[in-house]
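**Student:**
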Amino acid sequence: MILVRRMLQQALRVSGRSAFPLVKWMERWAEGASVGPEATERKAARTLEDMPGPSLVSFAWDLFAKRGLSRLHELQLEGVRRYGPVWKASFGPILTVHVAEPALIEQVLRQEGQHPMRSDLSSWKDYRKLRGHHYGLLTAEGEEWQAVRSLLGKHMLRPKAVEAYDKTLNSVVGDLVAKLRLSRRRRGLVTDVASEFYRFGLEGISSVLFESRIGCLDEVVPEETERFIQSINTMFVMTLLTMAMPSWLHQLFPKPWKVFCQCWDYMFSFAKGHIDQRMKAEAERVARGETVEGRYLTYFLSQTKLPMKTVYSNVTELLLAGVDTISSTLSWTLYELSRHPEVQASLRREVLDVMQGRREPEAADVARMPLLKATVREVLRLYPVIPANARVIPQRDIQVGDYLIPKNTLITLCHFATSRDPDVFSDPDEFQPHRWLRKEQAHHPYASLPFGVGKRSCIGRRIAELELYLALSRILMEFDVKPDPEGASVKPMTRTLLVPESMINLQFIER
Ligand code: HEM
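Here it is, written out as structure tokens:
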């Protein structure tokens, strides 16, 4: 019986999801998802009580005394080693079930319901409630989330709509290349490339949101921009700390929460300042009788019936989402390419072949660069920006493997562990982009999910990928990228997101 179920599971995975009810039922049966209360009782005999996991004290010790907050991604690997693919742990006051096997992650995500919820215990939501802000796409739930997701999806998920941003983004890439040239020291060394790429990320997302430039890549960076980037960094550090601290500790040590709120205050006011400025300029043009036609996201949002508070919060969250994600991915990609000159050479050949002497790749060009896509995919497998995602399913208890997980339990999806799982990826710690190009070497589709999957997956994926491809292809045409001759290897660390633990310095040698 189990064999039949496995074979069917495999066949359905290959054929994709179906709209036919019978096939849908077969899919659910094959996945072992609950098809009714009796089935649930029969299969999922095990409960949270039976689940292995560290004691409250030992996990708290790992987190706080052994700098575990910045090693949360490594604790995933340790968890799998000690307890297997499903275990429970108390993250401060929150009990969470960790799931660290591709098939089980798939099982959770296929039961996430109409309006998937990442977490209902977020300090991000607490802040918004406290200040009377609205929620943005990252934090909204239910119908409220669905309404904005549908609106933004039209401009952020449609390939044609996103391709139209290539000119805007290319002008930002041009400034990045100039800035890298300017930042080079002896032998072409640029220190701390991530900080250059933070500014590139912020300038890139701002150009898409406001259709205007905010000077992040100028020789002298505006102070408010530096402060915005710093606020994002500190906010991410404080996110984990504030969530891991029980509320009584907040009274004793108020600083983390206070700093967390100050960072958000600055981010909200930065976004509001830019939106208001853009709207004012537009109103003045209308008053002068000029026609105003924008292609930028803030314009589309402001043309809907959404309250301005919702526009502010969405733009704040989109700005935030476009900075560290782009910076980390670009930094790791160039770091790995500098250490694998043979891959860098093949990739450059691919780019030059497509470009045929032209210097500025467009969306249609990068679409014809499979190794470029495989390289970014491999980087996001090794260094998933979001090393652990989460889901809360409020509607019903769900079955995961042998366990019945009560509704409203926080389920942590251990993407870092699955994407480094030797049973799924051979030499899992090695950078091998070509693995994604070998048709015969199919991996479980839920083993590496850097952008998530389904209704609540990353809405910025297409913009992010375009931005990364345009920047990487251009950098490789302009420079040979080499490691810092005096540099050591750099490891990742968790700061809510996965970022480089120490500075990445690289040589950019003019070609
Ligand atoms: C390498 C770049 C990026 C990566 C790896 C990434 C990854 C992710 C992941 C894993 C999620 C959660 C998905 C889930 O819960 O299933 C997410 C959500 C989201 N991302 Fe990204 N992201 C990237 C870039 C961006 C950019 C550039 C933007 C903005 C333009 C963006 C905007 C968002 C938003 C708004 C959400 C929330 C979507 C929702 O809840 O409906 N992301 N991202």
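Sequential numbering of the sequence shown, starting at -12, is according to my numbering.
Beta carbons: idealized from backbone N, C-alpha and C, even for Gly.
All values derive from a computational prediction rather than experimental measurement.
Ala87: which of Ala429, Glu452 and Ala434 sits nearest, CA to CA?
**Tutor:** Looking at the Cα atoms, Ala434 is the closest of the given residues.
**Student:** Can you tell me whether DSSP reads Tyr322 as helix, strand or coil?
**Tutor:** DSSP places Tyr322 in helix when its eight states are reduced to three.
**Student:** List the residues that DSSP assigns as beta-bridge partners of Leu485.
**Tutor:** Leu485 pairs with Thr481.
**Student:** How many Å lie between Ile92 and Ile398 at the Cα?
**Tutor:** Roughly 10 Å separates the two Cα atoms.
**Student:** For a quick check, are the C-beta atoms of Lys394 and Arg383 less than 8 Å apart?
**Tutor:** Result yes, Cβ atoms of Lys394 and Arg383 sit closer than 8 Å.
**Student:** Excluding the 5 residues preceding and the 5 following Phe51 in the sequence, name in chain order all residues of the same chain whose CB lies nearer than 7 Å to its CB.
**Tutor:** Cβ neighbours of Phe51 beyond the five flanking positions: none.
**Student:** I'd like to confirm something about Ile201: is its beta-carbon nearer than 7 Å to some heavy atom of ligand 3, or not?
**Tutor:** This structure lacks ligand 3; the ligands present are ligand 1.
**Student:** Buried or exposed for Gly388, going by 16 or more other Cβ atoms inside 10 Å?
**Tutor:** That one is buried.
**Student:** Could you give the DSSP three-state label for Ile462: helix, strand or coil?
**Tutor:** Here Ile462 sits in helix by DSSP.
**Student:** Tell me whether Glu337 sits in a helix, a strand or coil according to DSSP, three-state version.
**Tutor:** Of the three classes helix, strand and coil, the one that applies to Glu337 here is helix, per DSSP.
**Student:** Would you call Trp319 buried or exposed, if buried means 16 or more other Cβ atoms sit within 10 Å of its Cβ?
**Tutor:** Trp319 comes out buried.
**Student:** Residues in the same chain with beta-carbon distance under 7 Å from Phe438, minus the five sequence neighbours each way, listed in chain order, please.
**Tutor:** Excluding sequence neighbours, Phe438 sits near Ser444, Cys445 and Arg448.
**Student:** Would you call Gln386 buried or exposed, if buried means 16 or more other Cβ atoms sit within 10 Å of its Cβ?
**Tutor:** With 16 or more Cβ atoms within 10 Å of its Cβ, Gln386 is classed as buried.
**Student:** Less than 7 Å between C-beta atoms, sequence neighbours within five positions excluded: which residues of the same chain meet that for Arg174?
**Tutor:** Once the five neighbours on either side are set aside, the close Cβ partners of Arg174 are Gln494.
**Student:** On the three-state DSSP scale, how would you describe Lys141?
**Tutor:** In the structure shown, Lys141 sits in a helix (DSSP, three-state: H, G or I).
**Student:** State the CB to CB distance for the pair Val195 and Tyr253, rounded to an integer number of angstroms; the pair is presumed to be in contact (CB under 8 Å).
**Tutor:** Between Tyr253 and Val195 the Cβ distance is about 21 Å, and since that is not below 8 Å, they are no contact.
**Student:** Measuring straight from C-alpha to C-alpha, what distance separates Thr178 and Leu369?
**Tutor:** Straight-line Cα distance between these residues: approximately 23 Å.
**Student:** Is the distance from the Cβ of His499 to the Cβ of Pro374 below 8 Å?
**Tutor:** No answer is possible for residue 499: it lies beyond the span of the chain, which begins at -12 and ends at 498.
**Student:** To the nearest angstrom, report how far apart Asp416 and Pro409 are at their CA atoms.
**Tutor:** Cα-Cα distance, rounded: 9 Å.
**Student:** Between the region 261 to 269 and the region 238 to 246, do at least 3 Cβ pairs fall closer than 8 Å?
**Tutor:** Contact between the region 261 to 269 and the region 238 to 246 is absent, because fewer than three Cβ pairs lie under 8 Å.
**Student:** Could you tell me if the beta carbon of Val67 falls within a distance shorter than 7 Å of some heavy atom in ligand 1?
**Tutor:** Checking every heavy atom of ligand 1 against the Cβ of Val67, none is found closer than 7 Å.
**Student:** For Asn376, write down the residues that DSSP places opposite it in a beta bridge.
**Tutor:** Note: Asn376 sits in a beta bridge opposite Leu400.
**Student:** What would DSSP say about Lys75, mapped onto helix, strand or coil?
**Tutor:** Strand.
**Student:** Within the present structure, is the beta-carbon of Ser444 separated from the nearest heavy atom of ligand 1 by less than 7 Å?
**Tutor:** Yes; taking the cut-off as 7 Å, the Cβ of Ser444 has a heavy atom of ligand 1 nearer than that.
**Student:** Are the Cβ atoms of Val338 and Leu305 separated by less than 8 Å?
**Tutor:** Not a contact, by the Cβ cut-off of 8 Å.
**Student:** Give me, in chain order, the residues of the same chain whose beta-carbon lies closer than 6 Å to that of Glu488; leave out the 5 immediate sequence neighbours on both sides.
**Tutor:** Lys478 and Met480, listed in sequence order.
**Student:** Where does Arg33 sit, in a helix, a strand or coil, going by DSSP?
**Tutor:** It is a strand residue.
**Student:** Please go through the region 177 to 225 and give each complete alpha helix (DSSP H) segment of 4 or more residues, from N-terminal end onward.
**Tutor:** With a minimum length of 4 residues, the continuous alpha helix (DSSP H) runs that stay inside the region 177 to 225 are 180 to 197.
**Student:** Quick check on DSSP: helix, strand or coil for Leu493?
**Tutor:** If DSSP states are grouped into helix, strand and coil, Leu493 belongs with the strands.
**Student:** Let me confirm a value: Asp162 is counted as buried when at least 16 other C-beta atoms fall within 10 Å, else exposed. Which label applies?
**Tutor:** By the 10 Å Cβ count, Asp162 comes out buried.
**Student:** Across which residues does DSSP place Ile313 in a beta bridge pair?
**Tutor:** Looking at the DSSP assignment, Ile313 forms no beta bridge with any residue, so it has no partner.
**Student:** Under the three-state reduction of DSSP, which class applies to Ile450: helix, strand or coil?
**Tutor:** It is helical.
**Student:** Under the rule that 16 or more other beta-carbon atoms within 10 Å means buried, what is Arg335, buried or exposed?
**Tutor:** Buried: at least 16 other Cβ atoms inside 10 Å.
**Student:** Looking at the strands, I want to know which residues DSSP matches up with Tyr114.
**Tutor:** Partner(s): none; Tyr114 has no beta bridge.
**Student:** What residue range is occupied by the uninterrupted beta strand (DSSP E) comprising His85?
**Tutor:** Segment Ile81 to Val86, the beta strand (DSSP E) holding His85.
**Student:** What is the residue span of the alpha helix (DSSP H) that Val159 lies within?
**Tutor:** Unbroken alpha helix (DSSP H) run through Val159: Asp153 to Ser170.
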